[in-house]
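Novice: Take 358 as the starting number for the sequence shown in our numbering and just add one per residue. For each residue, glycine too, the CB sits at the ideal point set by N, CA and C. I have a structure here, written as structure tokens, and I will follow up with some questions on it.
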Amino acid sequence: MYQINALNPKDEGHKARKRFGQNFLHDQRVIAKIVRSVNPRTGDNIVEIGPGLAALTSPLIGECDALTVVEGVRVIISSKLVQV
């Protein structure tokens, strides 16, 4: 099993870039509501575009069979994928 350690943009020296339309999720209630709306299940293959700091990736990763994330900003790609 894997988990994503979400990044703190300040720790990583990353600022949200307006030209990319970056807005990072922080509110756990909003994150939980989005994950409930996705309703991930075993057998699902989910693609997340622009995972940013992994606010949605972390709760989704253990709930489906495959999670593919596509990120275009190099600084953010340095997030840590850890086997647990």
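(1) Helix, strand or coil, according to DSSP, for residue 424 in the structure here?
(2) Identify the continuous beta strand (DSSP E) that holds residue 396 and give its terminal residues.
(3) By Cβ distance, which residues of its chain are closer than 8 angstroms to residue 405, with the 5 residues on each side in sequence left out?
(4) Which residues mark the beginning and the end of the alpha helix (DSSP H) in which residue 416 is found?
(5) Going by beta-carbon coordinates alone, are residue 421 and residue 400 separated by less than 9 angstroms?
(6) Can you say whether residue 409 is buried or exposed, counting buried as having 16 or more other CB atoms within 10 angstroms of its CB?
(7) Can you check DSSP and say which residues form a bridge with residue 404?
(8) If you reduce the DSSP assignment to three classes, tell me which class residue 389 lands in.
Specialist: Reading from the atomic positions:
(1) Reduced to three states, the DSSP call for residue 424 is strand.
(2) No beta strand (DSSP E) holds residue 396; DSSP gives it neither H nor E.
(3) Answer for residue 405: 413, 414, 417, 424, 425, 426 and 427, listed in chain order.
(4) Per DSSP, residue 416 belongs to the alpha helix (DSSP H) from 414 to 418.
(5) In terms of Cβ geometry, residue 421 and residue 400 form a close pair [threshold 9 angstroms].
(6) Residue 409 should be labelled buried.
(7) In the DSSP secondary-structure assignment, residue 404 is bridged to 425.
(8) The answer is helix: DSSP assigns residue 389 an H, G or I state.
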